[in-house]
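In what follows, a structure is listed as structure tokens, so that the remarks can point back to it.
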Amino acid sequence: MSTTTTEIIARCQALFDDLNFTYAREWKAAAPGRIVVGYMPFYVPRELIHAAGGLPLGVLGGGEQLEVIQGDAYYQSYICRIPRSTIELGVTNRLDFVDAMLFPSICDVIRNLSGMWKIMFPKVRSRYFDVPQNYRDDVGGEFYIHELNELRDMLAEASGRPVSDDAIRVSIALYNENRALVREVYAFRARQPWQAPSAEVYLLMRAGMIVAVEEHSRMLREYLAAAVAENRPRRDNSRVVVTGAFCEQPPLNLIKSIELSGCYIVDDDFMLVNRWERSDVAEEGDPIANLADAYLHNSNDTSAKYEPDQAKKGLYLVEAVKRTRAEGVIFASPSFCDPALLERPMLQHVLAAHDIPYIAFKYAENSGQMQPIREQAGTFADSIKLWSNP
Amino acid sequence: MTNIPAAQTIKDSSMLKQKEMITGNYSKLETAAADGRKVVATFVPGNLNELIMCFDMLNNLPEINAIQNGMRKKTGGYIMEAEKRGHSEDVCTYVKADLGMIAKGNIGPDGQKLPDPDLLLLSYTGCFTFMKWFELLREQYKCETAMLHVPYQGDGQVTQNMVSYVVKQIREEVIPKLERVSGVKFDIDRLRENLARSARAEEDLVWVLESAKAKPSPIDAYFGGVYYIGPIFTAFRGTEDAVEYYRLLRAEIGERLARGQGPVTPAGDMPSERYRLVVEGPPNWTSFRDFWKMFYEEGAVVVASTYSKVGGLYDLGFRHDPDRPLESLAEYCLGCYTNRNLPARIDLIEKYMDEYQADGLLINSIKSCNSFSAGQLLVLREIERRTGKPGAFIESDLVDPRYFSPANIKNRLESYFQMVDQRRAGGKSAARAA
Chain V
1 MSTTTTEIIA RCQALFDDLN FTYAREWKAA APGRIVVGYM PFYVPRELIH
51 AAGGLPLGVL GGGEQLEVIQ GDAYYQSYIC RIPRSTIELG VTNRLDFVDA
101 MLFPSICDVI RNLSGMWKIM FPKVRSRYFD VPQNYRDDVG GEFYIHELNE
151 LRDMLAEASG RPVSDDAIRV SIALYNENRA LVREVYAFRA RQPWQAPSAE
201 VYLLMRAGMI VAVEEHSRML REYLAAAVAE NRPRRDNSRV VVTGAFCEQP
251 PLNLIKSIEL SGCYIVDDDF MLVNRWERSD VAEEGDPIAN LADAYLHNSN
301 DTSAKYEPDQ AKKGLYLVEA VKRTRAEGVI FASPSFCDPA LLERPMLQHV
351 LAAHDIPYIA FKYAENSGQM QPIREQAGTF ADSIKLWSNP
Chain C
391 MTNIPAAQTI KDSSMLKQKE MITGNYSKLE TAAADGRKVV ATFVPGNLNE
441 LIMCFDMLNN LPEINAIQNG MRKKTGGYIM EAEKRGHSED VCTYVKADLG
491 MIAKGNIGPD GQKLPDPDLL LLSYTGCFTF MKWFELLREQ YKCETAMLHV
541 PYQGDGQVTQ NMVSYVVKQI REEVIPKLER VSGVKFDIDR LRENLARSAR
591 AEEDLVWVLE SAKAKPSPID AYFGGVYYIG PIFTAFRGTE DAVEYYRLLR
641 AEIGERLARG QGPVTPAGDM PSERYRLVVE GPPNWTSFRD FWKMFYEEGA
691 VVVASTYSKV GGLYDLGFRH DPDRPLESLA EYCLGCYTNR NLPARIDLIE
741 KYMDEYQADG LLINSIKSCN SFSAGQLLVL REIERRTGKP GAFIESDLVD
791 PRYFSPANIK NRLESYFQMV DQRRAGGKSA ARAA
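Those protein sequences? They're chains V and C, same order as listed.
Going by my numbering, the first residue of the first sequence is number 1, and it counts up by one from there.
Going by my numbering, the first residue of the second sequence is number 391, and it counts up by one from there.
Below you can see the structure in the form of structure tokens.
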């Protein structure tokens, strides 16, 4: 008997709700020599962790369920919530099984958190993971290859065994398969958003932050099969792209509220790492060079990445709108999020130049009051239906 | 007594010199188009002033414009203007003050129109916001741009990979663009000469900053320090003017030191030094004088500050090196204070607490500046734990007058000074009991 979307999503929801990360603990305990490596948004090369016999564990804050008590003592009121809830996860021993933590180059807050982690959890290997803002192979590429090799060495030390080129190639193939399936789910939702509600797609992608890549790929396949087979009512919703939510995650209720208010989310940037590379990473040849090449020349755009060409600035959002036949864009950004909020006016200018309507609001991962969001998104959906060109 | 007028003259000389330098640079910017000079806009931390000078280009620093406008009480209106135009209330007020100034006609702090830059040179050092600020400026000016990505010292050290990456960018991206925009061919010997002058000025600056180890300190290394770092952090590092300024300043401070005098304040010489503090974080600029007054009225002297290291950290031994010109520029960029990881920042503060015999650490946490502010509460805890000395935490902003609450800050400071007194009294009683 085939699995239903309800069953798949129930499993994803359980993983989402479990702030003790039972799956990852059990995965690690199941075989000797396994390591778990936590990483924060927006991107790390998970292939290297996998090749080191590790489980990459996306640490995306504490969400709406976690009561932050100690974490607040480390941050001023004007700093976003994800670092404080991440500290809370750490000091309450919810991450005590994690062997190493990676802090990608996304903003100053996460960057400084990497140093805090070194002080607060000295037994855990932690690394600020830098990526190049120069995209020439002989400049940024060489720097990045070196960074990747340093990460590879750190992971080998953590796992107690070398990380071979062959192992990385196998991992690249597995993640290529996974990313292809992720893209397929996104494409399916863009075609038939009523068949793949965004809260479901969100939970499905969020599961990919926790479970092993092989298992996540199975889940994606099963979900696609189940979602196609189901017959769900089609509503007269407006089609929107949600952007700006690539780090601190919105509450699940916020995603549901957007759809309930009359918007189908047909694209988003919630978990960029799941589909960072736009197409497959090369599987033949030097795997480190292939990962570097993919980052430099075949990765998505986001505000944490420098755009060298002013003429191309923000066009990725216009392309997302066109590709998914969206009718508008919702800028949903966490409060105090420098990358998203500094980028927002530039993206809005590009959208305005292309006559694409948009609205903007802010949230925190523990925002509880959804009525204003529902009203704003509902009004936006109505305005699209009433005023946009057919 | 007979020497006092002489000291006054020397002090005035350095201050007058700096004023003349700043005014001169703004004047050159204002007449840049008429004079046929090209203008580069760039940021303070990781600036490549010696290199820019090789191309006869003028240097316009948006942060400095924001600071100067802040001190002239102009930024409140500029920030509101930027927010009206869609910039979030949550983000850096330097950025909004700059964009608001541009929106209102780009009239500089001295009331004259600033020129549009011919080149935007982003040294992306120690602050993520710089990258977005730069993109926002590029959207405005639509001019040639050069990006210099400076990797962060995540593990607290500069690696050869980092140096090579920065050098390659300077050689293959930055210099060709400077040549193209300016029409001047790069001359490495000219760069070496500029770097040699930088090193001379740096030597004197370090001497001045380290004079605060004396008791009483002849300088305030935060409120006075921001003036002392002015030339070397901005458009003058590598110039003969900067060498001269620091020579004058060193002589002036040397005389104060010899006489056992405290720092100069807006109210004159500080009569007695009651508290010696290390300060972490930038100052507030919109109420700079009022903020300073809260310290000198209580006899509090800042003997070391981290903000005075944001545009270059020289007191650990780094000097620009004419024998390794590009490598030296790279190491300078990599070594700026906020490009160091949090453990390294804490180690530095601990060193200052010890070497400058400070009574405590004060953190002025800036709403706008996550690069400094994120993690400062842990910095405070760590320093208190390691040194046993009391810390205090106040909050304000760079150039947004809405976030400077004088009564709250004054109350907090007065309580803190009482705490230092009590700690001292406790120490004395313990010593007597022993």
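Beta carbons: idealized from backbone N, C-alpha and C, even for Gly.
#### Entry: Simplified DSSP state of C/I497, which is helix, strand or coil
strand
### Query
If you drop the 5 nearest sequence neighbours on each side, which residues of the same chain put their C-beta closer than 7 Å to that of V/F42?
P104, I106, F246, C247, L272, V273, T302 and A304
### Query
Of all the options V/K28, V/V266, V/A167 and V/N253, which has the alpha carbon lying nearest to the alpha carbon of V/A196?
V/V266
#### Entry: C/M391 in three-state terms, based on DSSP
Low local confidence applies: a pLDDT of 32 at C/M391 is under 50, so the model's placement there is unreliable, with the coordinate-based value given in what follows. Reduced to three states, the DSSP call for C/M391 is coil.
### Task
Using a Cβ-Cβ cut-off of 8 Å, state whether V/E319 counts as contacting chain C.
no
### Message
Going by DSSP, what residue range makes up the beta strand (DSSP E) through V/Y264?
### Response
C263 to D267
### Message
Counting only Cβ pairs nearer than 9 Å, list the residues of chain C close to V/E307.
### Response
E525
### Query
Can you tell me where the alpha helix (DSSP H) with V/M205 in it begins and where it stops?
S198 to A207
### Query
Quick one: Cα of C/S403 to Cα of C/L638, how far?
7 Å
### V/N93 in three-state terms, based on DSSP
coil
#### Entry: Interfacial residues, the stretch 506–536 of chain C to chain V, with Cβ spacing under 7 Å
Y514, C517, F518, T519, M521, K522, E525, L526, R528, E529 and K532
### Query
Among V/F16, V/R25, V/V44 and V/C12, which has the Cα closest to the Cα of V/A292?
V/V44
### Query
Cβ of V/F336 less than 8 Å from any chain C Cβ?
yes
### Query
Start and end of the beta strand (DSSP E) containing C/K464?
No beta strand (DSSP E) contains C/K464, which DSSP labels as neither H nor E.
#### Entry: Listed by chain order, chain V residues near C/A542 by CB distance under 9 Å
Per the sequence shown, the amino acid found at residue 542 of chain C is Tyr instead of Ala. What C/Y542 touches in chain V: S105, R111, S114, Y128 and D130.
### Message
I'd like the span of the beta strand (DSSP E) that includes V/P104, first residue to last.
### Response
A100 to P104
### Message
For C/Y806, which residues in the same chain have their Cβ closer than 8 Å to its Cβ, ignoring the five residues on either side in sequence?
### Response
G750, L752, P780 and A782
### Query
Can you name the residues that DSSP bridges to V/Y39?
V/G58 and V/L102
### Query
For V/S126, which residues of its own chain have a beta-carbon under 8 Å away from its beta-carbon, when the five flanking residues on both sides are left out?
A100, M101, L102, F103, S114, W117 and K118
### Message
Can you tell me whether C/Q559 is helix, strand or coil according to DSSP?
### Response
helix
### Query
Which ranges would you report for the beta strand (DSSP E) in the stretch 214–265 of chain V if only whole runs of at least 3 residues count?
238–243
### Message
Residues of the stretch 693–724 of chain C in Cβ contact with chain V at a cutoff of 7 Å, in chain order, please.
### Response
none
### Message
Under 8 Å, Cβ to Cβ, is there at least one residue of chain V near C/A764?
### Response
yes
### Query
Taking contact to mean at least 3 C-beta pairs separated by less than 8 Å, is the stretch 660–669 of chain C in contact with the stretch 570–590 of chain C?
no
### Message
In whole angstroms, give me the CA-to-CA distance for V/C80 and V/I330.
### Response
20 Å
### Query
Where C/E534 and V/Y74 are concerned, what is the direct C-alpha to C-alpha distance, given to the nearest angstrom?
41 Å
### Message
Along the stretch 751–782 of chain C, where does the CB come closer than 7 Å to a CB of chain V? Name the residues.
### Response
S755, K757, N760, S761, S763, A764, G765, L767, L768 and E772
### Query
Can you check whether the CB of C/V434 is closer than 8 Å to the CB of C/N449?
no
### Task
Take C/G628 and list the residues in its own chain whose beta-carbon comes closer than 7 Å to its own, dropping the five residues that flank it on each side.
N439, E440, M443, N584, L585, R587 and S588
### Task
Consider the Cβ of C/M391: report whether some Cβ of chain V lies at a distance smaller than 8 Å.
Any reading at C/M391 must be qualified, since the residue scores a pLDDT of 32, below 50, and its modelled position is unreliable; the value itself is stated next. False, the Cβ-Cβ gap to chain V never drops below 8 Å.
### Under 8 Å (Cβ pairs) to chain V, residues found in the stretch 555–575 of chain C
Y555, K558, Q559, E562 and E563
### Query
Leaving out the 5 sequence neighbours to the left and right, which residues in its chain are closer than 7 Å to C/C726 when beta-carbon positions are compared?
P435, G436, T515, G516, V700, G701, G702 and L703
### Query
Considering only residues of the same chain and omitting the five flanking positions on each side of C/N496, which have a CB-CB separation below 7 Å?
K503 and L504
### Task
Give the straight-line distance between the Cα atoms of V/S383 and V/P357, rounded to the nearest whole angstrom.
9 Å
#### Entry: chain V contacts made by the stretch 664–684 of chain C, where a contact means CB separation under 8 Å
none
### Query
Counting contacts by CB-CB distance shorter than 8 Å, is C/S478 in contact with chain V?
yes
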